[in-house]
Amino acid sequence: MTGTGEERLAELLSALPAPPRGWVESAQELPRLRAEADRLLARAETDTAFRQALVADLEAVLRREGIEPSRPVIERLLSSLGT
Amino acid sequence: MAEHISDEQLVASCRAGDEQAWQLLVSRYARYVYAIAAQAFRLPAYDAEDVFQDVFARVYERLGTLRDPSALRPWIAQLTRNACVDRLRTSGREQLGDQLDEAADDELERLDEAYAVRQALGRLTPECQEVLDRFFCRDESYRTIGEALSLPSGTIASRISRCLGKLRVEVEGRSEPLAASSEQVAR
């Protein structure tokens, strides 16, 4: 990128506005959320009653476990539980 | 973790389970992914948010399959592009999706340039980063910036001009080829 005029620079600077902060924070939380989902899945493998409760009302179980029922957690659990 | 870490280093750290590296990766590419969804594919906010989260979920899941870590940006661009087209198709806007996908190359080229400028901005002093970000990205007036930084408006104007000059030197000095374009990444 040579001969970049300052007007062009100014235009390019404004071409990438920041997304809402909540979107970014949610994406940044993925590793932690995945780990929480995996912990629940591991428990569901050995605890039939817990698995049944997850299948019956996923969000209620998450809340009971103190986990925010966020989309990454729910999608991870649903795909792994085969529901 | 330093902002100047390369994409290759960032990918390696993410693959090793470094959560801070993942946060930096998201932070580095958030504007880019958002711009592709909202500008190149003109998705409304609710669709753009879904695409945004889907893309980073895919990046997280598939980072281990990325053969060339230096191609992180075009890879993310292609994932985003695919996610946008899928979103338009599943919502019954196939024709619009195809039209925008065909027209997206020029817009992606512009966003690639904007990304390079954004990276160059990150190498300037914090004072320059702040004043340029406030003026050009957040669209704040001299007065608003002056009040926030406790500086007279005239000083803000001269600082913007000086920092823009430094940014120009930084962009031209590096003059990095914009890596592989998004088109070169297999879909």
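So the sequences go chain by chain: A and B.
In this note's numbering, each number is its position in the first sequence, counted from 1, plus 23.
In this note's numbering, each number is its position in the second sequence, counted from 1, plus 97.
For every residue, glycine included, the Cβ atom is placed at its ideal position computed from N, Cα and C.
Here the structure is a predicted model, which means the values were calculated and not measured.
Proximity of R62(A) to chain B, defined by a Cβ-Cβ separation below 8 Å, is not satisfied. Chain order gives the chain A residues near Y129(B) as L39, where near means a beta carbon separation below 8 Å. Within chain A, the residues whose beta carbon sits less than 8 Å from that of S124(B) are V47, Q51, listed in sequence order. Neighbours of L81(A) in chain B, taken as residues at a C-beta separation under 9 Å, are lacking, since the least C-beta distance is about 18 Å. Flagged as an interface residue toward chain A: E146(B), by a C-beta distance shorter than 8 Å.
DSSP places E116(B) in the uninterrupted alpha helix (DSSP H) bounded by 116 to 132.
Approximately 7 Å separates the beta-carbon atoms of A145(B) and Y131(B); this is inside 8 Å, confirming the contact. R74(A) and E82(A) have their C-alpha atoms some 13 Å from each other. A straight-line Cα-Cα distance of about 36 Å links K263(B) and L197(B). For R94(A), the chain B residues whose C-beta falls within less than 8 Å of its own C-beta are Q150, listed in chain order. With 16 or more other Cβ atoms inside 10 Å of its own Cβ, P171(B) counts as buried.
Segment contact: the region 230 to 248 of chain B against the region 201 to 214 of chain B, fewer than three CB-CB distances shorter than 8 Å; contact not assigned. In the displayed model, P95(A) falls within a helix according to three-state DSSP. With contacts defined as CB atoms closer than 8 Å, F233(B) and A33(A) qualify as a contacting pair. Between F138(B) and C181(B), the beta carbon gap of about 4 Å places them in contact (Cβ cut-off 8 Å). Relative to G89(A), the option among L35(A), S37(A), L63(A) whose CA is nearest is L63(A). Cβ proximity to chain A below 7 Å picks out F233, C234 from the region 230 to 249 of chain B. Within its own chain, the residues whose Cβ lies closer than 8 Å to the Cβ of S93(A), once the five positions on either side in sequence are excluded, are S49, E52, L56, listed in chain order.
DSSP, read as helix, strand or coil, puts P166(B) in helix.
Per DSSP, reduced to three states, the secondary structure at E267(B) is helical. Counting along the chain, E48(A) sits inside the alpha helix (DSSP H) bounded by residues 44 to 51. Within chain B, V214, L261, L264, R265, V268 have C-beta atoms less than 8 Å from the C-beta of L32(A), given in sequence order.
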